[in-house]
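Numbering (my numbering), first residue to last: 28 to 251.
Remarks on the structure that follows.
Structure representation (structure tokens):
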């Protein structure tokens, strides 16, 4: 069985866009197509309104079977945190991914604000991307020009993404196997509320129908 994975994180620069795409492709390939990442950067239409973009991301997040949420930076990306919380409201399995070696937050454990930790059906993948990159370059020698010509740096970066993908796949396997915490007799009411909570554009009846359809799909797939 394959699973759709909401791929939440920053998408504001070429580095973000390329890194997201490369990691999503690695997760797909290394899981033999089991995990299909849905990239918001491929969905967003910049010529539309801000609310339309937000609504599309929320609805896509809640439609997916699980989510990967990038928790990099000294301050977490606020949009990613909001998307993570919506996933938790809907009892969607989640993986928090951090490859940033910098510390932050206000707790002794996870290096981010404690209010975004300790949620059920959630796993944390913590890696030091800089150390992985340096290890990959350790056996490479040559002049600066020779290394650039050989594309040694990009090859090392590709290796980092492969390592991260392996860890993500293991974490996704783990969280998807966890039993749901949302009681079946309360699920419809929760998903109806999720159709109201963000004040989505369009018809409320259509928004409610959309959310209940997502709930039914998750039940049929054994996720709720």
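For glycine and all other residues, C-beta sits at the position ideal for the given N, C-alpha and C.
Residue j beta carbon less than 7 Å from that of residue i
| i | j | result |
| --- | --- | --- |
| residue 81 | residue 29 | no |
| residue 54 | residue 182 | no |
| residue 65 | residue 148 | no |
| residue 167 | residue 123 | no |
| residue 224 | residue 234 | no |
| residue 117 | residue 89 | yes |
| residue 31 | residue 92 | yes |
| residue 44 | residue 68 | yes |
| residue 190 | residue 159 | yes |
Nearest-angstrom Cβ-Cβ length linking residue i and residue j, presumed shorter than 8 Å
| i | j | result |
| --- | --- | --- |
| residue 94 | residue 121 | 5 Å |
| residue 313 | residue 154 | Lying before the first or after the last residue shown, residue 313 is absent from the chain, which here runs from 28 to 251. |
| residue 113 | residue 96 | Residue 113 to residue 96, Cβ: 11 Å. No contact. |
| residue 49 | residue 188 | 5 Å |
| residue 180 | residue 174 | 7 Å |
Own chain partners of residue i with C-beta closer than 7 Å, once the 5 adjacent residues on each side are dropped
| i | result |
| --- | --- |
| residue 242 | 214, 215, 218, 251 |
| residue 139 | 98, 103, 131, 132 |
| residue 108 | 143 |
| residue 195 | 54, 95, 122, 124, 152 |
| residue 206 | none |
| residue 79 | 228 |
Proximal residues to residue i (C-beta, below 6 Å), its chain only, five neighbours per side dropped
| i | result |
| --- | --- |
| residue 177 | none |
| residue 238 | 218, 221, 222 |
| residue 163 | 183, 186 |
| residue 137 | 144 |
| residue 115 | 146 |
| residue 245 | 251 |
| residue 249 | none |
| residue 75 | none |
| residue 58 | 196 |
Residue i beta carbon near the ligand FAD (any heavy atom closer than 6 Å)
| i | result |
| --- | --- |
| residue 248 | Among the components modelled here there is no ligand, and therefore nothing to report on the ligand FAD. |
Same chain only: Cβ atoms within 8 Å of residue i, ignoring 5 sequence neighbours per side
| i | result |
| --- | --- |
| residue 128 | 155, 156, 157, 158 |
| residue 46 | 188 |
| residue 141 | 132, 133, 134 |
| residue 63 | 29, 30, 31, 32, 55 |
| residue 211 | 246, 251 |
Within-7 Å CB hit, residue i to chain B
| i | result |
| --- | --- |
| residue 61 | The structure shown has no chain B; it contains just one protein chain. |
Check: Between the region 33 to 51 and the region 100 to 109, do at least 3 Cβ pairs fall closer than 8 Å?
Finding: yes
Next item on the list: For the region 73 to 144, list the beta strand (DSSP E) runs that are entirely contained and at least 3 residues long, ordered along the chain.
Entry: 93 to 97, 121 to 125
Notebook entry, point to check: What are the uninterrupted segments assigned as alpha helix (DSSP H) that are 4 or more residues long and contained completely in the region 141 to 206, given in chain order?
Noted result: 156 to 164, 171 to 176, 179 to 204
Item checked: Uninterrupted alpha helix (DSSP H) stretches inside the region 210 to 236 (no shorter than 4 residues) -> 211 to 223
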